[in-house]
Amino acid sequence: INPREFSNYFSSNKCAAPVLKVDNRRRFQVNDFYFCELDALTKNFEGGFDMTEPKLDEGLYLIALKLLYICESLDRQENSIEINGFRSTVLIFLPGVNEIDNMEKCIEENKGDNMFNTIRLHSLISAEEQQKAFIKANKDVRKIILATNIAESSITVPDVKYVIDFCLTKNLMTDSSTNFSSLQLHWASKANCLQRSGRAGRVMNGRVYRLVPKEFYDKLPDYGIPEMLRIPLENVVLKAKQLDMGPPHSILGLALTPPNLSDIYNTILILKELGGLIKTVNGVYMEFDGDLSLIGKVMSALPLDIRISRLVIFGYMFSVFEECLIIDIEVRTKLPRSQSLQN
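Residues 1 to 343 (full-length UniProt numbering) make up the sequence shown, in order.
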């Protein structure tokens with residue numbers, strides 16, 4: 001986190017709140033390694049790294065796979081398997097579910113005689129499935145956790161010794177050409193990467209492998225852009241109206257990184273136009289406020305752009321629900337019609 005930002009936010013009488021620095025020295029050492037330090041693994045890599053075009057090259061999956069073999073060799077050299085009584089866990093950070101699928105497939109097809117137990121961690125799996133990550137590994141099987149950023153801070157697995165980080169993430173962003181929000185691939189911020197490296201070294205010395213060059217890593221932004229500043233405010237305003245704590249601009253204006261007042265007002269007008277809000281508050285006309293309509297309550301419960309939510313709601317009402325879902329997929333993925341229908 002950015003301590004200065006929080007200090008200013010909780011200031012009193014124009015005096016910034018004090019910042020107390022706690023000694024964060026780790027009991028166990030964690031060493032960082034970058035792409036260019038892995039010469040033996042990367043010499044045949046033909047891809048590249050472009051700050052303006054985030055991507056996960058297929059060759060990086062194979063490099064991550066080779067690192068799993070190196071982790072095995074390191075543990076044998078250090079005799080840590082016999083000392084600890086288990087094979088330490090490898091945590092691999094991937095940007096999304098599709099990339100987790102690709103990594104898991106790569107491991108399963110090339111693991112040979114190695115005993116790997118791959119475990120998936122992302123927001124779509126059940127709590128019961130998540131608990132598998134906390135089952136302690138044994139001497140015979142190495143636990144490989146394939147995780148999105150859910151494992152950055154929400155979940156801590158104590159027996160992680162190795163972290164493999166592709167330095168990628170997926171953020172909810174708005175496409176300027178369609179005005180719809182979708183998860184898009186982005187380079188992670190340094191704050192994200194540091195948080196990920198903190199997953200190692202909890203109970204033993206650890207290693208972090210960042211699969212980008214050190215010079216490239218140094219150019220990554222220090223912090224990510226807050227979600228409230230990079231997506232349309234329609235869903236945020238609907239959630240604020242659900243709280244019933246006053247006008248949206250009063251609630252959102254208290255945020256750590258508040259949106260522009262004009263953006264909030266424009267959002268309210270859009271919601272009224274689309275039927276999410278009515279024109280009055282408790283029967284009194286308000287230009288920049290309004291009570292939630294029935295459609296607005298349904299919109300706020302759906303994890304979709306409000307225009308898509310409106311399409312889905314009316315599709316259900318007029319018995320063309322499936323057709324509206326197909327339109328939703330085409331609009332959000334921007335695939336040719338034949339391809340999206342086939343998928």
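C-beta: ideal position from N, C-alpha, C; glycine also.
Checklist line | DSSP state of residue 35 mapped onto helix, strand, coil | finding: In the sequence shown, the residue the question calls residue 35 occupies position 35. It is helical.
Next item on the list: Please report the residue range of the alpha helix (DSSP H) in which residue 263 lies.
Entry: Taking the first residue of the sequence shown as 1, we reach residue 263 at position 263. Element bounds for residue 263: 261-274.
Check: Where do the ends of the alpha helix (DSSP H) carrying residue 242 lie?
Finding: For the purposes of this step, residue 242 is taken as the residue at position 242 of the sequence shown. The continuous alpha helix (DSSP H) containing residue 242 extends over residues 234-243.
Item checked: Backbone CA spacing between residue 345 and residue 5 [nearest angstrom] -> Past the edges of the chain, shown from 1 to 343, lies residue 345, and the structure says nothing about it.
Next item on the list: Let me know the secondary structure DSSP gives residue 122 once reduced to three states.
Entry: Position 122 of the sequence shown, counted from the start, is the residue given in the question as residue 122. Looking at residue 122 - three-state DSSP - the assignment turns out to be coil, as it is neither helix nor strand.
Check: In whole angstroms, what separates the C-alpha of residue 174 from that of residue 228?
Finding: Counted from its first residue, the sequence shown places residue 174 at position 174. Counted from its first residue, the sequence shown places residue 228 at position 228. Rounded to whole angstroms, residue 174 to residue 228 spans 11 Å at the Cα level.
Checklist line | Nearest-angstrom Cα separation, counted from residue 161 out to residue 26 | finding: Here the question's residue 26 lines up with position 26 in the sequence shown. Here the question's residue 161 lines up with position 161 in the sequence shown. Approximately 14 Å, taken between the alpha carbons.
Next item on the list: Identify the continuous beta strand (DSSP E) that holds residue 346 and give its terminal residues.
Entry: This structure gives no information on residue 346, because the portion of the chain shown stretches from 1 to 343.
Margin query: Under DSSP, the alpha helix (DSSP H) around residue 130 begins and ends at which residues?
Written below: Here residue 130 refers to the residue found at position 130 when the sequence shown is read from its first residue. For residue 130, the uninterrupted alpha helix (DSSP H) run begins and ends at 127-130, by DSSP.
Checklist line | Where residue 1 sits in the DSSP three-state scheme | finding: Counted from its first residue, the sequence shown places residue 1 at position 1. In this structure, DSSP gives residue 1 a state outside helix and strand, which the three-state scheme calls coil.
Item checked: Validate contact between the stretch 136-151 and the stretch 27-39 using beta carbons, cut 8 Å, 3 pairs -> Too few Cβ pairs lie closer than 8 Å, so no.
Notebook entry, point to check: What number of angstroms, rounded off, separates the C-alpha of residue 343 from the C-alpha of residue 158?
Noted result: The sequence position of residue 343 within the sequence shown is 343, counting from 1. The sequence position of residue 158 within the sequence shown is 158, counting from 1. A caution first: residue 343 carries a pLDDT of 47, below 50, which makes its placement in the model unreliable, though a value can still be read off. Roughly 39 Å separates the two Cα atoms.
Notebook entry, point to check: In terms of residue numbering, what span does the beta strand (DSSP E) encompassing residue 150 cover?
Noted result: Within the sequence shown, residue 150 is the residue found at index 150, counting from 1. In the DSSP annotation of this structure, residue 150 is not part of any beta strand (DSSP E); the continuous alpha helix (DSSP H) holding it starts and ends at 150-153.
Next item on the list: Using beta-carbon positions only, say whether residue 164 and residue 121 come within less than 9 Å of one another.
Entry: For the purposes of this step, residue 164 is taken as the residue at position 164 of the sequence shown. For the purposes of this step, residue 121 is taken as the residue at position 121 of the sequence shown. No, these two residues do not count as a Cβ contact at 9 Å.
Notebook entry, point to check: At which residue ranges does the stretch 167-203 contain complete beta strand (DSSP E) runs of 3 or more residues, listed in the order of the chain?
Noted result: Taking only runs of at least 3 residues, the beta strand (DSSP E) segments lying wholly in the stretch 167-203 are 168-174 and 181-187.
Notebook entry, point to check: My guess is that residue 68 and residue 90 are in contact by the Cβ rule of under 8 Å, so how many angstroms apart are they, rounded?
Noted result: Numbered from its first residue, the sequence shown carries residue 68 at position 68. Numbered from its first residue, the sequence shown carries residue 90 at position 90. Contact check for residue 68 and residue 90: beta-carbon distance about 6 Å, within the 8 Å limit, so the pair qualifies.
Check: If you follow the alpha helix (DSSP H) that residue 223 is part of, which residue opens it and which one closes it?
Finding: As a first step, residue 223 must be located in the sequence shown, where it is residue number 223. Here residue 223 belongs to no alpha helix (DSSP H), and DSSP marks it neither H nor E.
Checklist line | Three-way DSSP call (helix, strand, coil) for residue 214 in this model | finding: Stepping through the sequence shown from its first residue, residue 214 is reached at position 214. Three-state DSSP puts residue 214 in a helix.
Margin query: Going by beta-carbon coordinates alone, are residue 51 and residue 216 separated by less than 9 Å?
Written below: Residue numbering aside, residue 51 sits at position 51 when the sequence shown is read from its first letter. Residue numbering aside, residue 216 sits at position 216 when the sequence shown is read from its first letter. Yes, these two residues count as a Cβ contact at 9 Å.
Checklist line | Proximity of residue 350 and residue 204 at Cβ, strictly below 9 Å | finding: Missing from the structure shown is residue 350; the chain here goes from 1 to 343 and no further.
Note to self: Could you check whether the stretch 298-317 touches the stretch 235-250, counting it as contact only if at least three pairs of C-beta atoms, one from each stretch, sit closer than 8 Å?
What the structure shows: Yes, the stretch 298-317 touches the stretch 235-250.
Next item on the list: Just mark residue 48 as buried or exposed, buried being the case when its beta carbon has 16 or more other beta carbons within 10 Å.
Entry: For the purposes of this step, residue 48 is taken as residue 48 along the sequence shown, with counting starting at 1. Exposure of residue 48 is indicated by the presence of fewer than 16 other C-beta atoms within 10 angstroms of its C-beta.
Next item on the list: Indicate whether residue 220 and residue 197 have their beta-carbon atoms separated by less than 9 Å.
Entry: Looking up residue 220 in the sequence shown gives position 220. Looking up residue 197 in the sequence shown gives position 197. Taking 9 Å as the Cβ cut-off, residue 220 and residue 197 do not qualify as a contacting pair.
Next item on the list: Since I believe residue 63 is in contact with residue 345 (beta carbons under 8 Å), could you give me their beta-carbon distance rounded to a whole number of angstroms?
Entry: Residue numbering for the chain in the displayed model covers 1 to 343; residue 345 lies beyond these limits and cannot be assessed.
Notebook entry, point to check: So the beta strand (DSSP E) residue 165 belongs to, where does it begin and stop?
Noted result: Locating residue 165 in the sequence shown gives position 165, counting from the first residue. Element bounds for residue 165: 160-165.
Notebook entry, point to check: Hey, residue 302 and residue 292 are a contact pair by Cβ (cut 8 Å); roughly how many whole angstroms apart?
Noted result: Taking the sequence shown and counting its residues from 1, one reaches residue 302 at position 302. Taking the sequence shown and counting its residues from 1, one reaches residue 292 at position 292. Contact between residue 302 and residue 292 does not hold, since their C-beta atoms are separated by about 14 Å, which reaches or exceeds 8 Å.
Note to self: Out of 263, 250, 222 and 135, which one is the CA nearest neighbour of residue 86?
What the structure shows: One-based indexing of the sequence shown puts residue 86 at position 86. Closest option to residue 86, judged by alpha-carbon separation, among 263, 250, 222 and 135: 135.
Margin query: Let's see if you can read the secondary structure: which residues bound the beta strand (DSSP E) around residue 93?
Written below: Here residue 93 refers to the residue found at position 93 when the sequence shown is read from its first residue. Per DSSP, residue 93 belongs to the beta strand (DSSP E) from 89-93.
Check: Under a Cβ-count criterion, where at least 16 other Cβ atoms within 10 Å of its own Cβ denotes burial, should residue 169 be classed as buried or exposed?
Finding: Taking the first residue of the sequence shown as 1, we reach residue 169 at position 169. Flag for residue 169 reads buried.
Checklist line | Per DSSP, cross-strand counterpart(s) of residue 277 | finding: Stepping through the sequence shown from its first residue, residue 277 is reached at position 277. Per DSSP, the beta-bridge partners of residue 277 are 292.
Check: How about residue 300 and residue 214: are their beta carbons less than 9 Å apart?
Finding: The count along the sequence shown starts at 1 and reaches residue 300 at position 300. The count along the sequence shown starts at 1 and reaches residue 214 at position 214. In this structure, the beta-carbon distance from residue 300 to residue 214 does not fall below 9 Å.
Check: Since residue 77 is in the alpha helix (DSSP H), which residue starts that stretch and which ends it?
Finding: Working through the sequence shown from its first residue, we reach residue 77 at position 77. DSSP places residue 77 in the uninterrupted alpha helix (DSSP H) bounded by 58-78.
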